[in-house]
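These notes are about the structure you will find just below.
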Amino acid sequence: MAKSKVLIVGGTGYLGKRLVKASLGEGHETFVLSRREIGVDIDKVEMLISFKMLGAHLVPASFSDHASLVEAVKLVDVVICAVSGVHIRSHSIMLQLNLVRAIKEAGNVKRFLPSEFGTDPARMEKATEPGNVVFQDKMVVRKAIEEAGIPYTYVSANCFAGYFVGGLCQFGKILPSRDSVIIHGDGYKKAIYVVEDDIASYTIKTIDDPRTLNKTLYIRPPKNILSHREVVNIWEKLIGTELDKITISKEDFLASMKDLDYGQQVGLGHYHDVLYEGCLTNFEIGSEGEEASQLYPGVNYTAVEDFLKRYV
Ligand SMILES: NC(=O)c1ccc[n+]([C@@H]2O[C@H](COP(=O)([O-])OP(=O)(O)OC[C@H]3O[C@@H](n4cnc5c(N)ncnc54)[C@H](OP(=O)(O)O)[C@@H]3O)[C@@H](O)[C@H]2O)c1
Numbered sequence: 387m388a389k390s391k392v393l394i395v396g397g398t399g400y401l402g403k404r405l406v407k408a409s410l411g412e413g414h415e416t417f418v419l420s421r422r423e424i425g426v427d428i429d430k431v432e433m434l435i436s437f438k439m440l441g442a443h444l445v446p447a448s449f450s451d452h453a454s455l456v457e458a459v460k461l462v463d464v465v466i467c468a469v470s471g472v473h474i475r476s477h478s479i480m481l482q483l484n485l486v487r488a489i490k491e492a493g494n495v496k497r498f499l500p501s502e503f504g505t506d507p508a509r510m511e512k513a514t515e516p517g518n519v520v521f522q523d524k525m526v527v528r529k530a531i532e533e534a535g536i537p538y539t540y541v542s543a544n545c546f547a548g549y550f551v552g553g554l555c556q557f558g559k560i561l562p563s564r565d566s567v568i569i570h571g572d573g574y575k576k577a578i579y580v581v582e583d584d585i586a587s588y589t590i591k592t593i594d595d596p597r598t599l600n601k602t603l604y605i606r607p608p609k610n611i612l613s614h615r616e617v618v619n620i621w622e623k624l625i626g627t628e629l630d631k632i633t634i635s636k637e638d639f640l641a642s643m644k645d646l647d648y649g650q651q652v653g654l655g656h657y658h659d660v661l662y663e664g665c666l667t668n669f670e671i672g673s674e675g676e677e678a679s680q681l682y683p684g685v686n687y688t689a690v691e692d693f694l695k696r697y698v
């Protein structure tokens, strides 16, 4: 079977750039949306040109120009969207409704992967406010996709390693401490950490796979299902030092949110749900989903220990 042609939307982003490279690396003819709004953002322009030099096609379009989106999606079989969805950076999840309208009108797309790549929003009805806004927005996009009859795969990538592991799960930190760490609750709730390049690899593996059509792909690399204490312990072994540990109760953690700005409150809400509630591991995958490391054992994923070695 010929490999699908792929359009990456949000290709200059933190995850998007990895998706572009993974798509090219797997031999897919790869198109990258080039938004006119990027203007003179030289870093983005340079990145887009670097994709072109790797063999990607750049497709000029804009979320505010419906016809341009329709023309862009008509070029491909699969659309992967990785627009922003982290309030401390930028949040443009709802813009995807324009993309859904374009895909519906074009009528040729065999699979759409919307910008998800985190906690499964379908399981987050009880998420902490105001962090729940992200899950609600992602569910609005899902509803639009399903009502339009667009074939899809949702990728639940759990915790990005760069954000969570890099900072030893300390909100607002992305480098690991060498002296002390705050432990959330008892620190024994399990979470799942996935290195961003691996998320891109699994995502590209799934786009032509009939087993994940109209399903959720959960990425659960077995070695990376760890409690907060286990993550800290791996780091301590790597640096040969035991960190001072201060525990913070759920109540104190939630109370600490109140003086923060909105974006930080959203982020802290997610940390709460992951580290205190165990929202990533408190369910079994049912018939609605598949697990990535089982479907694609050929992806040699990075273990948390190896990821942390970068920071020693
Ligand atoms: N599980 C986790 O731990 C975790 C962590 C972070 C993110 N995520 C999820 O991963 C996905 C991607 O996030 P990211 O951090 O990679 O995103 P990002 O780097 O903040 O942004 C991605 C891209 O979105 C596009 N974009 C940004 N603002 C836009 C606007 N106003 N209009 C149109 N396009 C805009 C830009 O692409 P172009 O300029 O190239 O068009 C940008 O490069 C999101 O769904 C997010 O929720 C999950």
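As numbered in my numbering, residues 387 to 698 make up the sequence shown, in order.
Even for Gly, the Cβ is constructed at its ideal location relative to N, Cα and C.
Report back the beta-carbon spacing between Leu654 and Pro562 to the nearest angstrom; my notes put them in contact at under 8 Å.
Mapped onto the sequence shown, residue 654 falls at position 268. Mapped onto the sequence shown, residue 562 falls at position 176. By a beta-carbon distance limit of 8 Å, Leu654 does not contact Pro562. Their separation comes to about 19 Å.
Nearest CA to the CA of Cys555: which residue from Gly471, Leu612, Lys407?
Position 169 of the sequence shown, counting from 1, holds the residue named residue 555. Of Gly471, Leu612, Lys407, the smallest CA-CA separation from Cys555 is found for Leu612.
Do Val652 and Thr589 count as a contact pair if the criterion is CB distance below 9 Å?
Your numbering for residue 589 matches position 203 in the sequence shown. Your numbering for residue 652 matches position 266 in the sequence shown. Going by C-beta atoms, Thr589 is not nearer than 9 Å to Val652.
Integer Cβ distance of Thr592 from Thr539, believed to fall under 8 Å
Within the sequence shown, the letter at position 206 stands for residue 592. Within the sequence shown, the letter at position 153 stands for residue 539. Yes, they are in contact, since the Cβ atoms of Thr592 and Thr539 sit about 6 Å apart, within 8 Å.
Do Phe503 and Ile585 have their CB atoms nearer than 9 Å?
Position 117 of the sequence shown, counted from the first residue, corresponds to residue 503. Position 199 of the sequence shown, counted from the first residue, corresponds to residue 585. Less than 9 Å divides the Cβ of Phe503 from the Cβ of Ile585.
Is the number of C-beta pairs between the region 592-609 and the region 672-680 that are closer than 8 Å three or more?
With a cut-off of 8 Å, the region 672-680 and the region 592-609 count as touching, because enough Cβ pairs lie within range.
Taking contact to mean at least 3 C-beta pairs separated by less than 8 Å, is the region 576-584 in contact with the region 635-642?
Between the region 576-584 and the region 635-642 there are fewer than three C-beta pairs closer than 8 Å, too few to call the two in contact.
Does Glu677 come out as helix, strand or coil in the three-state DSSP assignment?
Indexing the sequence shown from 1 puts residue 677 at position 291. In the three-state scheme derived from DSSP, where H, G and I count as helix and E and B as strand, Glu677 is classed as strand.
Local conformation of Phe546 per DSSP, three classes
Translated into positions along the sequence shown, residue 546 becomes position 160. Strand, per DSSP.
Could you tell me which residues DSSP puts in a beta bridge with Val580?
Within the sequence shown, numbered from 1, the residue matching residue 580 stands at position 194. According to DSSP, which records beta bridges pairwise, Val580 is partnered with Phe546.
Please find out if some non-hydrogen atom of ligand 1 comes closer than 8 Å to the beta-carbon of Asn544.
Taking the first residue of the sequence shown as 1, we reach residue 544 at position 158. Yes, ligand 1 has a heavy atom inside 8 Å of this Cβ.
At a threshold of 8 Å, does Val685 count as lining ligand 1 (C-beta to nearest heavy atom)?
Residue mapping note: residue 685 aligns to position 299 of the sequence shown, counting from 1. Because no heavy atom of ligand 1 lies under 8 Å away, the Cβ of Val685 does not count as near it: no.
Does DSSP classify Thr598 as helix, strand or coil?
Sequence index remark: in the sequence shown, residue 598 carries index 212 (1-based). Thr598: helix per DSSP, three-state reduction.
For the candidate residues Thr398, Glu691, Gly441, whose alpha-carbon lies nearest to that of Arg421?
Taking the sequence shown and counting its residues from 1, the one referred to as residue 421 is at position 35. Closest option to Arg421, Cα to Cα, is Thr398.
Per DSSP, which residues does Val445 bridge with? Please list them.
Translated into the one-based positions of the sequence shown, residue 445 becomes position 59. Partner(s): Leu419.
Would you say Lys576 touches ligand 1, meaning its beta carbon is less than 8 Å from a heavy atom?
Stepping through the sequence shown from its first residue, residue 576 is reached at position 190. No, the Cβ of Lys576 stays beyond 8 Å of every heavy atom of ligand 1.
For Lys601, which option in Tyr657, Asn484, Glu532 has the closest C-alpha, if you only look at C-alpha atoms?
Stepping through the sequence shown from its first residue, residue 601 is reached at position 215. Measuring C-alpha to C-alpha distances from Lys601 to each of Tyr657, Asn484, Glu532 identifies Glu532 as the nearest.
Rounded to a whole number of angstroms, what is the C-alpha to C-alpha distance between Leu646 and Ile474?
Your numbering for residue 646 matches position 260 in the sequence shown. Your numbering for residue 474 matches position 88 in the sequence shown. When only Cα atoms are considered, Leu646 and Ile474 end up about 11 Å apart.
Nearest by alpha-carbon distance to Pro596: which of Arg497, Gly571, Cys467 is it?
As a working mapping, residue 596 is identified with position 210 in the sequence shown. Of the candidates Arg497, Gly571, Cys467, the one whose C-alpha sits nearest the C-alpha of Pro596 is Arg497.
Could you check the C-alpha separation between Ala488 and Val698 for me, to the nearest Å?
If you number the sequence shown from 1, residue 488 lands on position 102. If you number the sequence shown from 1, residue 698 lands on position 312. Each residue's alpha carbon lies about 47 Å from the other.
Gly397 beta carbon near ligand 1 (any heavy atom closer than 8 Å)
For this step, residue 397 is matched to residue 11 along the sequence shown. Under cutoff, so the answer is yes.
If you reduce the DSSP assignment to three classes, tell me which class Lys575 lands in.
Against the sequence shown, residue 575 aligns to sequence position 189. Annotated three-state conformation of Lys575 is coil, per DSSP.
Return the Cβ separation of Leu444 and Leu434 in integer angstroms, given the expectation that the two are a contact with Cβ distance under 8 Å.
What you label residue 444 is simply residue 58 of the sequence shown in a count that begins at 1. What you label residue 434 is simply residue 48 of the sequence shown in a count that begins at 1. Indeed, because the Cβ distance is near 6 Å, the residues count as touching under 8 Å.
Reduced DSSP category for Ser476 - H, G, I as helix; E, B as strand; rest coil
Taking the sequence shown and counting its residues from 1, one reaches residue 476 at position 90. It is a strand residue.
Unbroken alpha helix (DSSP H) runs of length 4 or more, entirely within the region 584-641: which are they?
Listed in chain order, the complete alpha helix (DSSP H) runs (minimum 4 residues) inside the region 584-641 are 614-625, 636-641.
Is it a yes or a no for the region 519-530 touching the region 467-485, going by three-plus beta-carbon pairs under 8 Å?
Yes, since at least three Cβ pairs between the region 519-530 and the region 467-485 fall closer than 8 Å, the two stretches touch.
Straight-line gap, Thr633 to Pro683 (C-alpha atoms, nearest Å)
As a working note, residue 633 is residue 247 in the sequence shown. As a working note, residue 683 is residue 297 in the sequence shown. Computed Cα separation, rounded: 37 Å.
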